[in-house]
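Numbering (my numbering), first residue to last: 541 to 668.
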């Protein structure tokens with residue numbers, strides 16, 4: 541694993557949510573993410589060994605959420621078609637898969653409206 545010039549060893553994206561219970565249930569039950577920590581207002585989900593996604597209850601967090609637009613959680617996955625099928629079968633509203641920017645992608649949104657992009661590299665031209 542390559543380190544940054546300032547020594548980052550782990551990354552955690554924290555989403556501050558008003559619909560906290562629904563958002564936690566979405567990531568746990570619909571996406572099937574495992575948890576590494578949780579208490580009554582904060583849940584940390586494992587993405588990889590060095591990356592996590594946390595969901596904090598905006599009404600109970602000790603840090604005030606930053607308001608902003610335009611966040612996309614972009615996740616490189618091993619088997620995009622299988623994940624697309626699994627999420628669709630679980631009732632998640634997913635977009636059709638399409639090829640963009642040299643990758644295959646599809647999108648969905650969590651209960652708070654955060655856009656999630658799942659992607660995998662597209663094979664090189666002429667590759668079988």
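Where a beta carbon is used, it is the ideal one built from N, C-alpha and C, also for glycine.
If you're wondering where the values come from, they're calculated on a predicted model, not measured in any experiment.
DSSP three-state label for residue 560, please. helix
State the Cα-Cα distance for the pair residue 589 and residue 617, rounded to the nearest angstrom. 14 Å
Inter-residue spacing [alpha-carbon to alpha-carbon] between residue 548 and residue 593: 16 Å
Start and end of the alpha helix (DSSP H) containing residue 662? It is not in any alpha helix (DSSP H) - residue 662 carries neither H nor E in the DSSP assignment.
Separation of residue 552 from residue 668, as counted between CA atoms: At residue 668 the pLDDT is 49, less than 50, meaning the model places this residue with poor confidence; the figure from the coordinates comes in the next sentence. Cα to Cα, residue 668 sits roughly 36 Å from residue 552.
Have a look at residue 574 and residue 615 and give me their C-alpha separation to the nearest angstrom. 15 Å
Hey, would you say residue 649 sits closer than 7 Å to residue 640, going by beta carbons? no
Residue 637 versus residue 596 - alpha carbon distance: 30 Å
From the DSSP secondary-structure annotation, give me the bridge partner or partners of residue 645. 638 and 659
Is residue 585 helix, strand or coil when you go by DSSP? strand
Taking just the CA atoms, how far does residue 662 sit from residue 624? 16 Å
By DSSP, does residue 652 sit in helix, in strand, or in coil? coil
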